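Below is one structure, written out as structure tokens; the observations come after it.
Residue numbers (mature numbering (1 follows the signal peptide of the UniProt record, and there is no 0)): -30 to -1, 1 to 153.
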């Protein structure tokens, strides 16, 4: 009887050992996969003129976006900040400009060098603190156009009777990076 109990304990120990080893292997594989994804796109990584910015939203999950800021050389004053937030079916493009812009003048973008493609309207969302923010959803089809282009031309008006401000926004590598950052 003692021998039978000893064999049962050995068998139980062996089974528990196999289960523990399998659990550790699965954990190691999950960590490696997470590490590989992190290595592909990491906080502070440059993608063309964009920088990847990541924040922890939970202990085990980061949320990343891409940011490009344009400012005056002499003063460092922001002219515009562009933020691309990946979503499951595309991305959301935000454009932030200094407070005081002429909102009825709208905010638009078009693909540089592709005059045959119609300009896109962005919708003013809000003005808070020191910026006003416009947004546009980017579908899969729109991201395909981003992948084929090197730059956007973004425009807005500072005053009702003023000339539009038009900025060139580099988008090289943009669509590929958005794909890698998707949740």
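We treat Cβ as the ideally placed atom computed from N, Cα and C, and that holds for glycine. This one's a predicted model, so the numbers in the text were calculated from it and none came from an experiment.
- Task: Could you spell out the range, first to last residue, of the alpha helix (DSSP H) harbouring residue 115?
- Result: 110 to 117
- Go through its chain and collect everything with a Cβ distance to residue 153's Cβ below 8 Å, but skip five positions before and after it. 33, 56, 57, 58
- Task: Tell me, please, whether the CB atom of residue 42 is closer than 9 Å to any CB atom in chain E?
- Result: The structure shown contains no chain E; it is built from a single protein chain.
- Look at the alpha carbon of residue 100 and the alpha carbon of residue 86, and state the distance between them as a whole number of angstroms. 35 Å
- Query: In the structure shown, what three-state DSSP assignment does residue 125 receive?
  - Reply: strand
- Who are the near neighbours of residue -6 in its chain, counting only those whose CB is closer than 7 Å to its CB and skipping five residues on each side? Because the pLDDT of residue -6 is 45, which lies under 50, any placement of that residue in the model is unreliable, and the number read from its coordinates should be weighed accordingly. Cβ within range, chain order: n/a, list empty.
- Query: What first and last residue would you give for the alpha helix (DSSP H) that runs through residue 151?
  - Reply: 144 to 151
- Query: Ordered along the chain, which non-local residues of its own chain (more than five positions away) have a Cβ less than 7 Å from that of residue 97?
  - Reply: Excluding residues up to 5 positions away in sequence, 69 lie with their Cβ nearer than 7 Å to the Cβ of residue 97 in the same chain.
- Item | For residue 40, the residue or residues it bridges with in DSSP | 50
- Task: Give the range of the beta strand (DSSP E) segment to which residue 92 is assigned.
- Result: DSSP places residue 92 inside the beta strand (DSSP E), whose first and last residues are 90 to 98.
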